[in-house]
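A.B. asks: Before I ask anything, let me first share the structure, which is written out below as C-alpha cells.
6 protein chains.
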Amino acid sequence: MKKLVLTGAAGRLGSYLREPLSRMSDELVSSDIAEDLGQLYPGERYQKADIAQYDQMFDLLDGADVVVHFGALVDEVPFEEMLGPNFLGAYNVWEAAYQRGLKRVVYASSIHAVGMYLRSDFIGTDAPHRPDTFYGLAKCFAEDLGRMYWEKRQLEAVCLRILSCARVTNTRALGTWLSYDDLIQLVTRAVDTPTTGFSIVYGVSNNDRAPVDNSKASFLGYRPKDNAEQFAERILKQAQPADIKGLSDTRHGGPFAAVDLGESCMIQMNIVDDKKEN
Amino acid sequence: MKKLVLTGAAGRLGSYLREPLSRMSDELVSSDIAEDLGQLYPGERYQKADIAQYDQMFDLLDGADVVVHFGALVDEVPFEEMLGPNFLGAYNVWEAAYQRGLKRVVYASSIHAVGMYLRSDFIGTDAPHRPDTFYGLAKCFAEDLGRMYWEKRQLEAVCLRILSCARVTNTRALGTWLSYDDLIQLVTRAVDTPTTGFSIVYGVSNNDRAPVDNSKASFLGYRPKDNAEQFAERILKQAQPADIKGLSDTRHGGPFAAVDLGESCMIQMNIVDDKKEN
Amino acid sequence: MKKLVLTGAAGRLGSYLREPLSRMSDELVSSDIAEDLGQLYPGERYQKADIAQYDQMFDLLDGADVVVHFGALVDEVPFEEMLGPNFLGAYNVWEAAYQRGLKRVVYASSIHAVGMYLRSDFIGTDAPHRPDTFYGLAKCFAEDLGRMYWEKRQLEAVCLRILSCARVTNTRALGTWLSYDDLIQLVTRAVDTPTTGFSIVYGVSNNDRAPVDNSKASFLGYRPKDNAEQFAERILKQAQPADIKGLSDTRHGGPFAAVDLGESCMIQMNIVDDKKEN
Amino acid sequence: MKKLVLTGAAGRLGSYLREPLSRMSDELVSSDIAEDLGQLYPGERYQKADIAQYDQMFDLLDGADVVVHFGALVDEVPFEEMLGPNFLGAYNVWEAAYQRGLKRVVYASSIHAVGMYLRSDFIGTDAPHRPDTFYGLAKCFAEDLGRMYWEKRQLEAVCLRILSCARVTNTRALGTWLSYDDLIQLVTRAVDTPTTGFSIVYGVSNNDRAPVDNSKASFLGYRPKDNAEQFAERILKQAQPADIKGLSDTRHGGPFAAVDLGESCMIQMNIVDDKKEN
Amino acid sequence: MKKLVLTGAAGRLGSYLREPLSRMSDELVSSDIAEDLGQLYPGERYQKADIAQYDQMFDLLDGADVVVHFGALVDEVPFEEMLGPNFLGAYNVWEAAYQRGLKRVVYASSIHAVGMYLRSDFIGTDAPHRPDTFYGLAKCFAEDLGRMYWEKRQLEAVCLRILSCARVTNTRALGTWLSYDDLIQLVTRAVDTPTTGFSIVYGVSNNDRAPVDNSKASFLGYRPKDNAEQFAERILKQAQPADIKGLSDTRHGGPFAAVDLGESCMIQMNIVDDKKEN
Amino acid sequence: MKKLVLTGAAGRLGSYLREPLSRMSDELVSSDIAEDLGQLYPGERYQKADIAQYDQMFDLLDGADVVVHFGALVDEVPFEEMLGPNFLGAYNVWEAAYQRGLKRVVYASSIHAVGMYLRSDFIGTDAPHRPDTFYGLAKCFAEDLGRMYWEKRQLEAVCLRILSCARVTNTRALGTWLSYDDLIQLVTRAVDTPTTGFSIVYGVSNNDRAPVDNSKASFLGYRPKDNAEQFAERILKQAQPADIKGLSDTRHGGPFAAVDLGESCMIQMNIVDDKKEN
C-alpha cells in the first residue's frame, strides 16, 4: 500500500493507530484540526485539515489508497453542533474518497448506532439501526451513506462499531471493552483484507460477557485476544446495585441510551486516557 | 382531533391530502413555501413556512396533535441541495413536534430508502436500509431519527414508504402503483390508529405484482383497494425489452437505483400530474 | 364422525358451538358443570361433568372421536383458583382422551398465551410463549402438554388462540374481533381437517386491523369472512385517548397485559353476551 | 414476442397451454415425441423432437425468445429411466437455450422437489430441497441448473412448482389443486413478466387449504382465482380415515412421499384427464 | 450480596453449590426436606422447608436477595406426583420471591423442556418448548411463569437448562456433559451478572460435541472450561450400536424422549454420584 | 467397525485418508480406477472399481458398514464428462450402499455446491444450493440424493463440503484452507459419531478468516485445530490487487465462480500435492 490517510489522528483512539498504520504503508498522512501531533513516526506526515470542509478532505485524500476515518465529535451534543463534524464530515470523506479514486473507507462507527437494543439481544451486524443519541444517529447516517457508495460507486467500506475502547471502570465494560491491541488488530484487518465490499464489524475484545455477534463478519478474520474478565472480580465488588428496568443498565448503549438527546454523556462514562493503566 | 398540520401542501401528493385531512380534524393547517394554495377547504387554514427553518416549524406546530409531513424535494439532487429541505427539514419537524408536545408524526418516506434491494426480494418493513440516492438517504435519516424520538421521547411516528404515486406509464409501475384513493386510506389509517409507536408501512396499492411485504404493519389496518393490473395489457404491449441485469429493471428503486448520485431522475420517471387521467 | 364431545357447553362460546357440532357427528355429547342446558339439538345429549375431576372426564370421553375442549374459567383469578379448572382440567382432558383412544383434542386456547408481545409485532403461531396472566399461563401449559401428547402418544391437537369473541366495544377489538360465524368455521376446520398433528391457529376474523399471522396454519383452511372495520367509524369516534406507552394499549393482551396477576379483568373488557346485537 | 417454444405439447398439461401460448407470440412451436398433435392453433407449428437428444433441442430453439419446458416423464420410475428425459432433458433445454441466445426458460417443476416437508410446514419458495422420489430429484437438479445458468450465463428461468393440476379426487387435493385456468395464468405471468432473474413459484390455486407460501414470488403477479373448497363437502364426506403418522397423509408430496423409490405412483394418485369434468 | 437462598441443597447438584454460594454472600440459607445437611460451610445456615408449601417458601425467603431454586423431583413420575414439588413448587418460589421483594430467581431448568427436538437441530435458547416428559413440562411451566413475573412484576430470572450434570457413561453425554466446575461457573454468573431480565442459558460444558446454542445468552459471560472429548475414545469403543431412527438416540432429551410418560427414566440414564470419579 | 470402504483412494485427498481409516476398522477396502496403490497399510485391501459402474459398486460394498466416497473428477469439465463419475457415481454408491445394507455414506461434497454466494455471506449448512460449475452441480445432486435416501430409506449420510484442502498459495485460501490433519479429524467424526441422520458440514480449518458457519453441525464434534493465519503475512505481501467486483474475489467459489461452465479451473487454483510442504 502506497498511501494511507488517518483522520482524527490527535484523538484518543487515533493516537493509538498512528504507529501501526505507519508500518502498513509507504506513507501515512495523519490529519486532525490540531496544529501538530508532536513527534511523528517514520513514514508519517501530518496535514492539518477540517473534516467539515469538503475542499480540505479533497486535498487530503489526493493519491491515497485507503482512508481510516476516525475524526468526529465523540460525545453527545445538540444536533446543530453534531451536523458539521459528524454528518457533513462523513459525507465529505466519502465523496472526496470517491472523487480521488480511493479503494476503501475504514470508518469508526459505534455501538450507539444500535444502542437502544436490549443488552440481552445478541445483535448481529445486520440488525436494523436503533440509535440512542444524535451521536448514534450520525453513525447510522454514515453507515447508510457508506453502503450506498459501495452499491452505486464501488467504493468499499468497513464500519467498525466500537463498543468501549477505554479503561474498564464499570460492569457494562466487562462486556463492551475493546483493548487497544484488539483495536489495532481490528483496523489492521479492515485495511488488509483484500476485498470487503460494504461490511460492518463490532469492535469488542474477546470478553466472556461480549454482548454482540460478529459472526457475519467472520471473513474479515478479526479474532480479538484480550478479555475483560480479568477485571471482573474487582469491578463487580465495587459495583452499585443495577437499575434492572433502567435504560442505562439494560440497553447496549449504556448511559447514552438514558441520556437526554443533545446532552453530554462522556463525563458519566468516566472515559480517561489510560494508555499506561490497563 | 383538534388540529392537524400538513407540510408540503402545495405538492402533488399533498394537494390530494388536504380535503380528507380537513375532514378528520377541527382545524387543518396546510403549509408550504408557496404564497398561497388558492381555494381552501372548510376548516383549512394556510400558513406559509419553510421546513428548513426550525423557528418556522416551531411556530407552525403550536397546538397541533399530529403533523403529516410531506414537504421535501422530490427528486434526486446533489447532497448540498438535499441537506436543507430533506435532512434538516426532517429534524426540524420532529424536534418542533417534540417541543410542542404533539402525539405523532406521519411521514412521507419512500421506497428509495431500500431501493437497492432486488425487486425479486419481497422486502418487509424491517429490512435494513439500502438507499439508492441522496434522496433515499434522507429518508433513511428521517426514519432512524423518528425511531429515536419514539424510543427516547415517546413521540410516535408512522413512516409511509411510498412506491409510485403517479400515473402508470411503465412496467415497473404495475407493481409499484399507489392510487390516490389508497394514498388517502394510508394517511387516514396512519392518523386514526390509536397507538402506533414507531411504524413503517409501504405505500402501494393492491396490485397483483406488488413487490413488498406489509404484513408486519398489519395492525394499522391499511388494506388498499386499487390494482394496477387493469393497465397491464396496455403497458406490457408497449414496453421496451427489459435489461435483465440492469439496476433500473431489477431493483426496487427502478431508475433511481441506476442514476448517478446527485442527478435528477424524475424526468426519466415520467411522473405527471394525472388527477384526471388514471 | 360418530361421537363428538364438547366441554364448557354452557359457556358463552360453547353455546354457539352446540348446534354446528351436533350436525357434524352422529352424536354430540355436550358437557358442563351446569345441571342442564335446556333444549337440546337433534343428536345432542347432555352429560354433567367437572373437568377438574379426571374420573368424570374418563367417563365422558368413552367412545368419542374428538373432544372440543372449551371448559375453563374465563377470567383472571388467583393461581390457586385457576389450578383446578384450567391446569388440571387440561391434563384431565388430554389424559382421558389418550386413555380412551380419541383421535384429536380441539382446544380453546387464547391470545393471552402470548399477550405480552407488542401489538405491532405481527406474531405468528410459532412465537414462544409470553403469557400475560395466570389465565394465559394455563393456556401455555395446555399447549405444551398438547404438543407433548402428540409427539409422545400420537394424539392430535388443534389449539385455537382466540383473540376477542365478543361484541366490538373498543378500539382494540377492531383488530381482535372473532365473529361467531368465524368461530364456527374455525372449530369446524379444526374438526374436519383430515390430519392436523399438533397445530396452533389464531381465532380472529378477517379484520383490516388483525394483528396476528395465521399463515403457518394455512393448511387448515380457516378463511374468516367477517371484518370489524364495519364498526370502526363509530368506535374510533367514541374512543378515549390511548395511553401510547401503557401495556393495555400496546400489547396483544390488552387489559390482561396491564392487570395485576390474579385480579379479574373481564369487567374491564366489557364482554357481554351479544348473540343478537352485532 | 416473436417465437415461443413449448416442449411436452402432447402431454396433459401441455395440451392446455398450446392455445394461450399461441396467442402470446407471433409463432408458437409445439414439440413432443408424438408424431403429430392433430389440429393446430393459428400461429402454431409442430416440430417432433426428443428432449433427451441435445441436437434436437438445439434445432428446436433456433430463433426462439422463450421456451416453456413441460416435456418429461410424469411418474416415479427407476433412476435409469428417469435419467434421459428428466435429467438430460433439462440439461439439453438449458444448454441449447443458452447457445441459441434465448432470454428465458419457463420450467414445469414440482412440489416433489420439496415433497418430504411436513404438510403443516408452510414452506416458501426458498426452502432447501427435500425431494421425495427420483422424479422430485430431477426437479431439484433442473432448478439448481437453472439457477446456475442465470448466475453464470444470464439466462433467466421461472420454475413452476406445480402441486396437483388434475381433478380433485381426495382430501389432499383440497389444498394442492391447480385449476387449468390458474395454470394458464401462471404460465402467462412467467412469460410476460419483464424481468424474472431466477425465480421459483408454487403452482396452486387460491384454495382455502393451500399449504405453501408464494409471497416471495409476489412480484410475478400470479394471483390465482379458483378455490378447491367448492369440492370440500363432497370429498370430506367420502374420505377414508387418515393415517395421522403416515408419510402420505402428512407430507407435501402425498403418495410420492410414501412410495418406494422407483415405483410408479400415478395410478394411486388417480390422475385423469378431466378437461371436461371439473 | 447479603442473603442467598438455595433450595434442593441436599440434592446431588445442590450439594455442589453450597460451598461456592456460601462464599458469594454474607449469608447462605440452604434448604431442603431433609432433616439436616451435616457439616455446614462458614456463613451457611440450614432451614428445612418443603417447596410444595407456600408458607414455608414465604418464611424461607424473608430478607433474601436471590434464590437459587434447585429443589424438585429429578426423574419422570406420574403427573399427580410431579404436581406438588415441580409445578406448585415453582409457583411458590416465584410468588414468595415477589412478595418478599427479591431481585432474582436462578432456576434449575432442563434440556427436557425442549427434549423432543432433533439432536441435529442446534437449538438456541429461544426455541419454542417441546417437552419430552411431565418432568420437562414442569420446566416449561416454570420458565413461562418466570418470564411473566419478569414482564409483569419486574422479578428477574435466569433459567439454567441443564443437559447432563453427571458422570459421562454413554455417547450422548459426550455432547451433553456439564462438569461440576462448569455448573458452579454457570450458577455464579447467573447470580453475579448485574442485570439479567428474564434469561435462559443451556448448562453444558465446552464439549466438542455440544449440541445446543448459547449465543443469545452471551452477555451472561458463561464460558465453560471442561470438555467431554477426553472421554470419547473410551466411550465410543464400548458403545452399543445406535438406533438411528429411535427417539432416544436422535432427540435432545435422550432416554426421556423415548420413555413412556410418567415412567421413571433415571435408572436407564445411569446417573450416579461421581464427585470423586470424573 | 468391521469394514470400511474408501473410494477415490488413489486421489490426493484419498491418499491421506487411507492410514487413519485403516486404524478405525477391522478391514479397510480402498478402491479407485488405478491398477494398484503400492504399499498397503495393515488391514487395508485394494479393490479396483469404477464408480461409474453400478455393478462394481455393488460388489465393492458387500459387507461394509460405512463407505467414505471421495471418488470423483475434481475439476470443472463439460457436463457430458462429469455425468459418469460425479453424477452416476454418486447414484451408484448410494444405491449400492442401500442394497448392501450399509449404515452410512460419508461424502466428499464441496463449497462449490454453494459457490455463488458472496464471500461476505457467512453461509450455514442449510443455505439453499447455488452451484458455481457443473462440478458444483454434481455436489448438489449428490446431497439432495443423500437426503432422500435418508428420508425414504434410512441410510445415513454426512456430506463434507470441503473448501480448499491444499497448500495455501493465495489470499482466498487464508479463509478456505483445510489442513490434512483437520481433514482427517473431519472424516473421523463423520464415521464415528453414533447417529448422524443426513448432515452437512463444511470442511475448513480453524482459520481466523474462515467464511462459513458450521454451528448447525455442532453435534458432530468437528473442532479443527489448524489456522491459515500463520501464512497470512507472506501471502498478503505477495498478493495481486483484488478485483473488488469480480466473481473470483467476492464469491465463496473463488475461481470456480468466475470460470466458464465446462472449462478447467484447477490450473488456475494452483493446487499441488504438498504433503511435505505446508
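Chains as they are written, first to last, in full-length UniProt numbering: chain F, 1 to 278; chain X, 1 to 278; chain H, 1 to 278; chain R, 1 to 278; chain E, 1 to 278; chain P, 1 to 278.
Built from N, CA and C at the ideal position, the CB exists for glycine as well.
Being a predicted model, the structure only gives us computed values, none of them experimental.
1. What are the residues of the UniProt domain "NAD-dependent epimerase/dehydratase" (5-162) of chain F that lie near chain E, defined by any Cβ-Cβ distance shorter than 9 Å?
2. Could I get the ranges of all uninterrupted alpha helix (DSSP H) runs contained in the segment 170-225 of chain F, with 4 residues as the minimum, in chain order?
3. Please go through the same chain and pick out, in chain order, the residues whose beta-carbon is closer than 7 Å to the beta-carbon of K216 (chain R), but skip the five residues on each side of it.
4. Are any of the Cβ atoms in chain H nearer than 8 Å to that of D226 (chain X)?
5. In the segment 94-179 of chain X, which residue ranges form an unbroken alpha helix (DSSP H) of at least 4 residues, counting only runs that do not cross its ends?
6. Which residues of the segment 209-224 of chain F have a Cβ closer than 9 Å to any Cβ of chain P? Give them in chain order.
7. Report all residues from its chain with a CB closer than 6 Å to the CB of Y135 (chain P); omit the five preceding and five following residues, and keep chain order.
8. Could you tell me the distance, in whole angstroms, from the CA atom of V168 (chain H) to the CA atom of A228 (chain H)?
9. Check K2 (chain X) in the structure and name its three-state DSSP category.
10. What are the start and end residues of the alpha helix (DSSP H) that includes Q39 (chain H)?
11. From the DSSP output, in three-state form, read off L247 (chain R) for me.
12. Please report the distance separating the alpha-carbon of D181 (chain X) from that of T195 (chain E).
13. According to DSSP, simplified to helix, strand and coil, what is S264 (chain E)?
14. With C-beta atoms as the reference, is L102 (chain R) less than 8 Å away from V66 (chain R)?
15. So for Q47 (chain X), helix, strand or coil by DSSP?
16. Determine which residues share a DSSP beta bridge with L28 (chain R) and list them.
17. Taking K237 (chain F) as the reference, which of E:S25, E:L13 and E:G11 has the closest Cα?
18. Buried or exposed: D192 (chain P), going by 16 or more other Cβ atoms within 10 Å of its Cβ?
19. Can you confirm whether G254 (chain H), when its beta carbon is compared against all beta carbons of chain R, has any partner nearer than 8 Å?
20. Report yes if the C-beta distance between N206 (chain H) and K225 (chain H) is below 8 Å; otherwise report no.
21. Say whether chain H places a C-beta atom closer than 8 Å to the C-beta of D182 (chain R).
22. Measuring alpha carbon to alpha carbon, tell me which of H:Q47, H:Y117, H:G115 and H:Q53 ends up nearest Y91 (chain H).
23. Report all residues from its chain with a CB closer than 8 Å to the CB of M1 (chain H); omit the five preceding and five following residues, and keep chain order.
24. To the nearest angstrom, report how far apart D62 (chain X) and I51 (chain X) are at their CA atoms.
25. At a Cβ cut of 7 Å, what residues of the segment 190-209 of chain H count as close to chain R, listed as they run along the chain?
26. Hey, P85 (chain P) and G262 (chain P): beta-carbon distance below 8 Å or not?
27. Name the two residues that bound the continuous beta strand (DSSP E) containing H69 (chain H).
28. Measuring alpha carbon to alpha carbon, tell me which residue in R:V29, R:A49 and R:L155 is nearest L40 (chain R).
29. Hey, quick one: how far does the alpha helix (DSSP H) through A257 (chain X) stretch, first residue to last?
30. Are there 16 or more other CB atoms within 10 angstroms of the CB of Q99 (chain X), so buried, or fewer, so exposed?
31. Pull up the distance between the alpha-carbon of T7 (chain R) and that of G246 (chain E), whole angstroms please.
32. Do you know offhand how far G203 (chain F)'s Cα is from A9 (chain P)'s?
33. Please confirm if E277 (chain X) has its CB atom under 8 Å from at least one CB of chain H.
34. Which residue's Cα is closest to the Cα of L13 (chain E): E:K48, E:E80, E:N214 and E:L160?
35. Closer than 8 Å, CB to CB, is T188 (chain R) near chain X or not?
C.D. replies: Walking through what the data contain:
1. L118, R119, S120, D121 and F122
2. 171-176 and 180-192
3. Taking the fourth sequence and counting its residues from 1, one reaches residue 216 (chain R) at position 216. Excluding sequence neighbours, K216 (chain R) sits near G124, T125 and D126.
4. As a position in the second sequence, residue 226 (chain X) is number 226, starting the count at 1. Chain H contact via Cβ: absent.
5. 134-153 and 173-176
6. S215, K216, A217, S218, F219, L220, G221, Y222 and R223
7. Working through the sixth sequence from its first residue, we reach residue 135 (chain P) at position 135. E76 and H112.
8. As a position in the third sequence, residue 168 (chain H) is number 168, starting the count at 1. As a position in the third sequence, residue 228 (chain H) is number 228, starting the count at 1. V168 (chain H) and A228 (chain H): Cα-Cα distance of roughly 7 Å.
9. In the second sequence, the residue the question calls residue 2 (chain X) occupies position 2. Of the three classes helix, strand and coil, the one that applies to K2 (chain X) here is coil, per DSSP.
10. Your numbering for residue 39 (chain H) matches position 39 in the third sequence. Q39 (chain H) -> no alpha helix (DSSP H), and no H or E assigned at all.
11. Here the question's residue 247 (chain R) lines up with position 247 in the fourth sequence. Looking at L247 (chain R) - three-state DSSP - the assignment turns out to be helix.
12. Taking the first residue of the second sequence as position 1, residue 181 (chain X) is located at position 181. Taking the first residue of the fifth sequence as position 1, residue 195 (chain E) is located at position 195. C-alpha separation (whole angstroms): 50 Å.
13. Position 264 of the fifth sequence holds residue 264 (chain E). If DSSP states are grouped into helix, strand and coil, S264 (chain E) belongs with coil.
14. Reading the fourth sequence from its first residue, position 102 is the one you call residue 102 (chain R). Reading the fourth sequence from its first residue, position 66 is the one you call residue 66 (chain R). Taking 8 Å as the Cβ cut-off, L102 (chain R) and V66 (chain R) qualify as a contacting pair.
15. Within the second sequence, residue 47 (chain X) is the residue found at index 47, counting from 1. In this structure, Q47 (chain X) counts as strand in the three-state DSSP scheme.
16. Counting from one through the fourth sequence, the residue named residue 28 (chain R) turns up at place 28. Beta-bridge pairing links L28 (chain R) to R:L4 and R:E44.
17. Counted from its first residue, the first sequence places residue 237 (chain F) at position 237. Ranking E:S25, E:L13 and E:G11 by Cα distance to K237 (chain F) puts E:S25 first.
18. As a first step, residue 192 (chain P) is located in the sixth sequence; it is residue number 192 there, counting from the start. Per the 10 Å Cβ criterion, buried.
19. Within the third sequence, the letter at position 254 stands for residue 254 (chain H). For G254 (chain H), the answer is no, since every Cβ of chain R falls outside 8 Å of its Cβ.
20. To locate residue 206 (chain H), count along the third sequence from 1; it is residue 206. To locate residue 225 (chain H), count along the third sequence from 1; it is residue 225. Result yes, Cβ atoms of N206 (chain H) and K225 (chain H) sit closer than 8 Å.
21. Within the fourth sequence, residue 182 (chain R) is the residue found at index 182, counting from 1. Judged by the 8 Å Cβ criterion, D182 (chain R) is not in contact with chain H.
22. Along the third sequence, one-based indexing puts residue 91 (chain H) at 91. That would be H:Q53, whose Cα lies nearest to the Cα of Y91 (chain H).
23. For the purposes of this step, residue 1 (chain H) is taken as residue 1 along the third sequence, with counting starting at 1. If we look at M1 (chain H) and ignore the five residues flanking it on each side, its Cβ neighbours are M24, S25, D26, D65, V66 and V191.
24. For this step, residue 62 (chain X) is matched to residue 62 along the second sequence. For this step, residue 51 (chain X) is matched to residue 51 along the second sequence. Going from the Cα of D62 (chain X) to the Cα of I51 (chain X) covers about 15 Å.
25. D192, P194, T195, G197 and S199
26. The residue labelled residue 85 (chain P) in the question sits at position 85 within the sixth sequence. The residue labelled residue 262 (chain P) in the question sits at position 262 within the sixth sequence. No. Outside cutoff.
27. Within the third sequence, residue 69 (chain H) is the residue found at index 69, counting from 1. First-last of the beta strand (DSSP E) with H69 (chain H): V66 to H69.
28. Residue numbering aside, residue 40 (chain R) sits at position 40 when the fourth sequence is read from its first letter. Taking only the C-alpha atoms, the option nearest L40 (chain R) is R:V29.
29. Stepping through the second sequence from its first residue, residue 257 (chain X) is reached at position 257. First-last of the alpha helix (DSSP H) with A257 (chain X): P255 to A258.
30. Indexing the second sequence from 1 puts residue 99 (chain X) at position 99. Q99 (chain X) comes out exposed.
31. The residue given as residue 7 (chain R) occupies position 7 in the fourth sequence. The residue given as residue 246 (chain E) occupies position 246 in the fifth sequence. C-alpha separation (whole angstroms): 46 Å.
32. For the purposes of this step, residue 203 (chain F) is identified with residue 203 of the first sequence, where counting begins at 1. For the purposes of this step, residue 9 (chain P) is identified with residue 9 of the sixth sequence, where counting begins at 1. Taking the straight line joining both Cα atoms gives about 46 Å.
33. Residue 277 (chain X) sits at position 277 when you count from the first residue of the second sequence. Since pLDDT at E277 (chain X) reaches only 40, below the 50 mark, its modelled position is unreliable, and no value is offered.
34. Numbered from 1 along the fifth sequence, position 13 holds the residue referred to as residue 13 (chain E). Among E:K48, E:E80, E:N214 and E:L160, the Cα nearest to that of L13 (chain E) is on E:L160.
35. Within the fourth sequence, the letter at position 188 stands for residue 188 (chain R). It does not: the Cβ of T188 (chain R) has no partner Cβ on chain X nearer than 8 Å.
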